[in-house]
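Enquirer:
Protein chains: 2
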Amino acid sequence: MSRCVALSGGVGGAKLALGLSKAMLPEELLVIANTGDDFDHLGLRICPDIDTVSYTLGELANLELGWGRRDESWSFMETLGSLGGDTWFNLGDRDLALHVERTRRLQAGETLSAVTADVAKRFGITSAIVPMSDDDVRTIVDTAGGPLAFQHYFVREKCAPKVTGFRFAGASDARPSPAFREAFEAASPELVIICPSNPFISIDPILALPGVRGMLAGTVAPIVAISPIVGGKAIKGPTAKMMDELGLPATALGVAEHYAGLIDGFVLDKMDADEEDAVRALGPDVLVTNTVMKSLDDRVSLAREVVAFSRQLSAK
Amino acid sequence: MSRCVALSGGVGGAKLALGLSKAMLPEELLVIANTGDDFDHLGLRICPDIDTVSYTLGELANLELGWGRRDESWSFMETLGSLGGDTWFNLGDRDLALHVERTRRLQAGETLSAVTADVAKRFGITSAIVPMSDDDVRTIVDTAGGPLAFQHYFVREKCAPKVTGFRFAGASDARPSPAFREAFEAASPELVIICPSNPFISIDPILALPGVRGMLAGTVAPIVAISPIVGGKAIKGPTAKMMDELGLPATALGVAEHYAGLIDGFVLDKMDADEEDAVRALGPDVLVTNTVMKSLDDRVSLAREVVAFSRQLSAK
């Protein structure tokens, strides 16, 4: 049985997931990865968040770039450009192998869950990495200039368009993946972590799946979210910019408000200690600690603190 | 108008095609590439003969390997292997870009002719490279152990199974490509070259297309074939082994017999000069010269001799 279920997007979530996998027995961790960022490009199925989590937990991530694989080469994309192909979404030669193999297996009828589990096993990962759904869910970013497919907004347009909202196409007809459901159905997990990922584009697609809010409401496990906003800024990515554009305060408190009613605990950075009382007033208990994860030690120590905090919550 | 139409398979044919492109104005040359070797692998459309001709004429060929691109890297295939993917058909990272881009464009509805022409243009090639057909034709190798898809025979099984015959699936319903037909319909070419390619698996698929033998019979241009067999051996590939297994003499004369009735001229190597009279007795005029192309100079000088020989034939 998985003791800890972590909901995660890409980089920030994957960092904490790596910490969690070292703060407990790795096989006690089940990471639910957002698939709203997935898209088909160059004829390939690309799953950025699953891959970032897999590369990170497999300790294969490219730490300089912040995405993709380490020891990467770039011959493919360089040549594709010279052939007039699309180069706005960069793919390394090693990373590409995963996309080609996954696409082939999906086309042969395997589920995304099965392919993801097999890749994780080949990377030597003993934690479970589970797509939120085996059905296609695609995040659409509504902007002042019209709707954009997520990766068009995120990578091609570099998050420049002003965001007015989000939709998760296909979510209402998608089922949470079997391992996601089983993690809550067979027996309750001991803790549920909402990783410091973007609430709107990494966590909300997971919460948009039919039944997920019910599973979370029904679990006896404490649900703890870690703020991706520190000192009014996102550690990485467009979270703060999006909150501004949506007319929300780009603060840890703003994130806590987004999750109010869902969470039992909230973790914010010491830099935002002045928001502690306001977050408590929303309902959740609060842990104030260092949340910026620069080193592997940072990841493990934050994970340990989050686990200890969750235990206190469940003892109440 | 194309002055010279060359029918070609992979390496040997491409070498002479490169020579021909330098023995005349390059835009006077139209190379018809065999597509019977094409196959779908890892979800990609792979066209080995088109690509060998394109890389060779673009002077991008990997001369050490004898296939693929120069300045190649291999990260993709190495990683694919570590993911448990199929690695029996090796693909370099740069080569892969062509397969991905071609597959995407074909799936978007472009013809193989259009994609091939565009790639050639991007490689700076001013000769025309034309697939024999835009319709799928797939060479099946009948062997003692049963039928094998061509690349399974050729690459996966390394030509080990004993050949009993060949079939070209789809050929009877395939049309020669538009540029192939136009090269004979608008006006006759001045010469037609059958490159020193494997007669059974490189040239016969082209000849198997409905109307091609008629186009060749109807042209006033001399048709000249160059023997791929020299001194009882194939310069490259399984031609001699196949002839043995099919009960045919693995000689230049055996090749000439295969083309008897179709060709006006035959080029054989000085090493096989003793076969000249027997070839003449089959009908074609004969040029005996050095046909082994090691250097670029060898390619150009053989091409010049073949062109001069053809001119003599057409003057008759």
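If you read the sequences in order, they're chains A and B. Quick note: the first sequence uses our numbering, first residue 35, plus one each step. Quick note: the second sequence uses our numbering, first residue 35, plus one each step. Positions of the beta carbon are idealized from the N, C-alpha and C atoms, including for glycine. Keep in mind that this is a model prediction, so the values were computed, not measured.
Let me confirm a value: THR160 of chain A is counted as buried when at least 16 other C-beta atoms fall within 10 Å, else exposed. Which label applies?
Expert: Translated into the one-based positions of the first sequence, residue 160 of chain A becomes position 126. Its Cβ having fewer than 16 others within 10 Å, THR160 of chain A is exposed.
Enquirer: Any residues in the region 118 to 134 of chain B with a beta carbon nearer than 7 Å to a beta carbon of chain A? Which ones, in chain order?
Expert: The region 118 to 134 of chain B vs chain A, Cβ under 7 Å: GLY118, GLY119, ASP127, ARG128, LEU130, ALA131, LEU132 and VAL134.
Enquirer: Can you give me the C-alpha to C-alpha distance between ARG37 of chain B and GLY70 of chain B, rounded to a whole angstrom?
Expert: Taking the second sequence and counting its residues from 1, one reaches residue 37 of chain B at position 3. Taking the second sequence and counting its residues from 1, one reaches residue 70 of chain B at position 36. Cα to Cα, the separation comes out at about 25 Å.
Enquirer: Please determine if the region 150 to 165 of chain B and the region 237 to 251 of chain B are in contact, where contact requires at least 3 C-beta pairs separated by less than 8 Å.
Expert: No, because fewer than three Cβ pairs between the region 150 to 165 of chain B and the region 237 to 251 of chain B fall closer than 8 Å, the two stretches do not touch.
Enquirer: Thinking C-beta only, is LEU52 of chain B closer than 8 Å to LEU91 of chain B?
Expert: For the purposes of this step, residue 91 of chain B is taken as the residue at position 57 of the second sequence. For the purposes of this step, residue 52 of chain B is taken as the residue at position 18 of the second sequence. It is a contact, given that the beta carbons lie within the stated cut-off.
Enquirer: Please name the residues in the region 143 to 175 of chain A whose beta-carbon is closer than 8 Å to at least one beta-carbon of chain B, in chain order.
Expert: Per Cβ criterion, the list reads ASP152, VAL153 and ARG156.
Enquirer: Leaving aside the five residues before and after GLY288 of chain B along the sequence, list all residues of the same chain whose C-beta is less than 8 Å from its C-beta, in chain order.
Expert: Reading the second sequence from its first residue, position 254 is the one you call residue 288 of chain B. So the list reads ILE263, MET277 and LEU282, once near-sequence residues are dropped.
Enquirer: Given this structure, state the Cα-to-Cα distance separating VAL254 of chain A from PRO82 of chain B, to the nearest angstrom.
Expert: By 1-based counting over the first sequence, the position of residue 254 of chain A is 220. By 1-based counting over the second sequence, the position of residue 82 of chain B is 48. Spanning the two alpha carbons is a distance of roughly 60 Å.
Enquirer: Using the Cα positions of ASP105 of chain B and LEU125 of chain B, report the straight-line distance between them to the nearest angstrom.
Expert: As a working note, residue 105 of chain B is residue 71 in the second sequence. As a working note, residue 125 of chain B is residue 91 in the second sequence. Looking at the two C-alpha atoms, the distance is approximately 13 Å.
Enquirer: Quick one: using the 10 Å Cβ neighbour count with 16 as the cut-off for buried, is MET35 of chain B buried or exposed?
Expert: Here residue 35 of chain B corresponds to residue number 1 of the second sequence, with the count starting at 1. At MET35 of chain B the pLDDT is 49, less than 50, meaning the model places this residue with poor confidence; the figure from the coordinates comes in the next sentence. Burial call: exposed.
Enquirer: Taking Cβ-Cβ distances below 9 Å as the criterion, which residues of the region 87 to 111 of chain B are in contact with chain A?
Expert: Cβ contacts with chain A: ARG103, ASP105, GLU106, SER107, TRP108, SER109, PHE110 and MET111.
Enquirer: Take the Cβ of LYS192 of chain A as the centre, count every other Cβ of all protein chains shown within 10 Å, and call the residue buried at 16 or more, exposed below.
Expert: Residue 192 of chain A sits at position 158 when you count from the first residue of the first sequence. Result: exposed.
Enquirer: Consult DSSP for LEU64 of chain A and reduce its assignment to one of helix, strand or coil.
Expert: Within the first sequence, residue 64 of chain A is the residue found at index 30, counting from 1. Of the three classes helix, strand and coil, the one that applies to LEU64 of chain A here is strand, per DSSP.
Enquirer: Nearest-angstrom Cα distance between PHE214 of chain A and LEU94 of chain A?
Expert: For the purposes of this step, residue 214 of chain A is taken as residue 180 along the first sequence, with counting starting at 1. For the purposes of this step, residue 94 of chain A is taken as residue 60 along the first sequence, with counting starting at 1. PHE214 of chain A and LEU94 of chain A: Cα-Cα distance of roughly 25 Å.
Enquirer: Could you check whether the Cβ of GLN346 of chain A sits closer than 8 Å to any Cβ belonging to chain B?
Expert: In the first sequence, residue 346 of chain A corresponds to position 312, counting from 1. Chain B, which has no Cβ nearer than 8 Å to the Cβ of GLN346 of chain A, makes this no.
Enquirer: From SER261 of chain B to VAL149 of chain A, what does the alpha carbon distance come to, in whole angstroms?
Expert: The residue given as residue 261 of chain B occupies position 227 in the second sequence. The residue given as residue 149 of chain A occupies position 115 in the first sequence. Those two C-alpha atoms are separated by around 49 Å.
Enquirer: Give me the residue from A:SER206, A:ASN324 and A:GLY115 with the minimum Cα distance to MET305 of chain A.
Expert: Counting from one through the first sequence, the residue named residue 305 of chain A turns up at place 271. The residue with the shortest Cα to Cα distance from MET305 of chain A is A:ASN324.
Enquirer: Kindly indicate the opening and closing residues of the alpha helix (DSSP H) around GLY248 of chain A.
Expert: Residue mapping note: residue 248 of chain A aligns to position 214 of the first sequence, counting from 1. Looking at the DSSP string, the run of the alpha helix (DSSP H) that includes GLY248 of chain A is 246 to 252.
Enquirer: Determine, for MET35 of chain B, whether the minimum Cβ-Cβ distance to residues of chain A falls below 8 Å.
Expert: Here the question's residue 35 of chain B lines up with position 1 in the second sequence. Residue confidence for MET35 of chain B is low, a pLDDT of 49 falling below 50, so the modelled location carries little weight and cannot support an answer.
Enquirer: Apply the 10 Å Cβ neighbour rule to GLU224 of chain A and answer buried if 16 or more other Cβ atoms are within range, or exposed otherwise.
Expert: Your numbering for residue 224 of chain A matches position 190 in the first sequence. Buried, by the Cβ-count rule.
Enquirer: My guess is that LEU173 of chain A and LYS196 of chain A are in contact by the Cβ rule of under 8 Å, so how many angstroms apart are they, rounded?
Expert: Position 139 of the first sequence holds residue 173 of chain A. Position 162 of the first sequence holds residue 196 of chain A. As written in the sequence, residue 173 of chain A is Thr, which differs from the Leu given in the question. Incorrect: roughly 17 Å between the Cβ atoms, too far for contact.
Enquirer: Determine the chain B residues that contact LEU138 of chain A at a beta-carbon separation under 8 Å, and present them in chain order.
Expert: Mapped onto the first sequence, residue 138 of chain A falls at position 104. Leu is not the amino acid found at residue 138 of chain A; the sequence shown has Arg there. Those within 8 Å of ARG138 of chain A in chain B are LEU76, GLY77 and GLY119.
Enquirer: Starting from the N-terminal side, write out each stretch of the beta strand (DSSP E) that is 3 residues or longer and does not extend beyond the region 231 to 295 of chain A.
Expert: 257 to 260, all fully within the region 231 to 295 of chain A.
Enquirer: Would you say LEU114 of chain B faces chain A, with C-beta separation under 8 Å as the test?
Expert: Counting from 1 along the second sequence, the entry for residue 114 of chain B is found at position 80. Chain A contact via Cβ: present.
Enquirer: Can you tell me whether DSSP reads MET35 of chain B as helix, strand or coil?
Expert: Translated into the one-based positions of the second sequence, residue 35 of chain B becomes position 1. Interpretation of MET35 of chain B is limited by its pLDDT of 49, a score under 50 that renders its predicted location unreliable; the figure taken from the coordinates is listed afterwards. Three-state result, MET35 of chain B: coil.
Enquirer: Using 8 Å as the threshold, is the region 105 to 114 of chain B in touch with the region 128 to 146 of chain B, meaning 3 or more CB pairs across them?
Expert: Verdict: yes, contact present.
Enquirer: Where does ALA40 of chain A sit, in a helix, a strand or coil, going by DSSP?
Expert: Indexing the first sequence from 1 puts residue 40 of chain A at position 6. Correct three-state label for ALA40 of chain A: strand.
Enquirer: Which residues in chain B sit within 8 Å of GLN141 of chain A, going by Cβ to Cβ distance?
Expert: Start at 1 with the first residue of the first sequence, and residue 141 of chain A comes out as number 107. Here the neighbours are GLY77.
Enquirer: For ARG345 of chain A, count the other beta carbons within 10 Å of its own beta carbon; 16 or more makes it buried, fewer makes it exposed. Which is it?
Expert: In the first sequence, residue 345 of chain A corresponds to position 311, counting from 1. ARG345 of chain A should be labelled exposed.
Enquirer: Any idea what DSSP makes of PHE28 of chain B, helix, strand or coil?
Expert: Any question about residue 28 of chain B goes unanswered here, given that chain B covers just 35 to 350.
Enquirer: Please classify SER206 of chain B: does DSSP put it in a helix, a strand, or coil?
Expert: Within the second sequence, numbered from 1, the residue matching residue 206 of chain B stands at position 172. Looking at SER206 of chain B - three-state DSSP - the assignment turns out to be helix.
Enquirer: Using a threshold of 8 Å, state whether the C-beta atoms of ARG136 of chain B and ARG209 of chain B are closer than that.
Expert: Along the second sequence, one-based indexing puts residue 136 of chain B at 102. Along the second sequence, one-based indexing puts residue 209 of chain B at 175. Against a cut-off of 8 Å, the Cβ pair of ARG209 of chain B and ARG136 of chain B comes out as no contact.
Enquirer: Bridge partners for PHE200 of chain B per DSSP, in chain order?
Expert: Within the second sequence, numbered from 1, the residue matching residue 200 of chain B stands at position 166. According to DSSP, which records beta bridges pairwise, PHE200 of chain B is partnered with B:VAL175.
Enquirer: In this structure, what does DSSP give as the bridge partners for PRO165 of chain A?
Expert: Mapped onto the first sequence, residue 165 of chain A falls at position 131. Note: PRO165 of chain A sits in a beta bridge opposite A:ALA67.
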